[in-house]
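See below for the structure under consideration.
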Amino acid sequence: MTATGPAGSNSKTQTSYITVAGAGTKTGGLVAAYNFEEASGTTALDTSGQGNQGTISGSTRIAGKYGKALSFDGVDDLVTVNDSASLDLTTGMTLEAWVYPSTNEGWKPVIVKEIDSLYYLYASTAFGNAPAMGAKIGSYPLLYGDTALPGNGWTHLAATYDGTAERLYLNGTLVAQRSVSGTMEISANPLRIGGSSHWGEYFSGRIDDVRIYNRALTLSEIQTDMNTPVK
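Take the numbering used here: the final residue in the sequence shown is number 276, and no numbers are missing along the way.
Put into structure tokens, the structure is as follows:
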């Protein structure tokens, strides 16, 4: 909101994020949201209002955590979202998704902004098969969870950066964090869901209810998203 001084001058500007209770409301800062509820076709609609539609390559719709999900074969399936200004995150982020891996071994990307990896969320990695997240802030070391995800059920993954720290959450519980500061790098390359064309890495299993924010959500907000289907 903006407070206006004499002669129309702006005396103070303050950004506020407001969540209004009720069906279908959206938390402030949402720049992309996918529920994969389309009846058919190769378009993954972005319900955030930002127009970041995705193109589905190979993935098929299947029963999800809420309604439908996309099934990824671990070979070459992915969703491509063209770059846009709203996806060029710089000062903060939240990445969220429900995942049901059919294997939790090796590098299994859930969300990757290419290229190389400007911000990213992995269901598993080559290091203990643990999930990981990160953002490119000068360099881009990954922040790892401490255990592999179960391979026989749904897990909610969330990753945040608030300008001072990165945090990784599993099922609404903080499992890893580290101090880091700086501006996230941006590029004109696409966002991928379920795969990375650059690295040749692909998720195997189901992904549902993907959300991307341009700010770090609080733990309470992440827990609310966990229990609220993408509208």
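Cβ coordinates follow ideal geometry from the N, Cα and C atoms, glycine included.
Just so we're clear, the structure is a prediction, and the values are computed from it rather than from any experiment.
I'd like to check one pair, residue j with residue i: are the Cβ atoms closer than 9 angstroms?
i, j, result
"Thr-192", "Gly-173", "yes"
"Ile-182", "Gly-227", "yes"
"Leu-123", "Gly-103", "yes"
"Asp-253", "Lys-110", "yes"
"Ala-77", "Ile-267", "no"
"Leu-236", "Val-157", "yes"
My output table needs one value for residue i: the three-state DSSP class, helix, strand or coil.
i, result
"Thr-192", "coil"
"Thr-170", "coil"
"Glu-211", "strand"
"Ser-224", "strand"
"Ala-84", "coil"
"Thr-269", "helix"
"Ala-261", "coil"
Report the rounded CA-to-CA distance for residue i versus residue j, giving the unit in angstroms.
i, j, result
"Trp-143", "Asp-133", "23 angstroms"
"Tyr-165", "Leu-140", "8 angstroms"
"Thr-200", "Ala-233", "31 angstroms"
"Glu-246", "Gly-74", "29 angstroms"
"Asp-270", "Glu-150", "27 angstroms"
"Gly-250", "Phe-117", "5 angstroms"
"Glu-230", "Gly-198", "34 angstroms"
How is the beta strand (DSSP E) around residue i delimited, first residue to last?
i, result
"Ser-249", "249–258"
"Met-138", "138–146"
"Gly-179", "177–180"
"Ala-204", "200–206"
"Val-126", "123–126"
"Pro-154", "153–158"
"Ala-233", "First-last for Ala-233: undefined, no H or E at that position."
On the criterion of 16 or more Cβ atoms from any shown chain inside 10 Å, does residue i qualify as buried, or is it exposed?
i, result
"Arg-260", "buried"
"Pro-176", "buried"
"Leu-262", "buried"
"Ala-204", "buried"
"Ser-224", "exposed"
"Leu-213", "buried"
"Asn-80", "buried"
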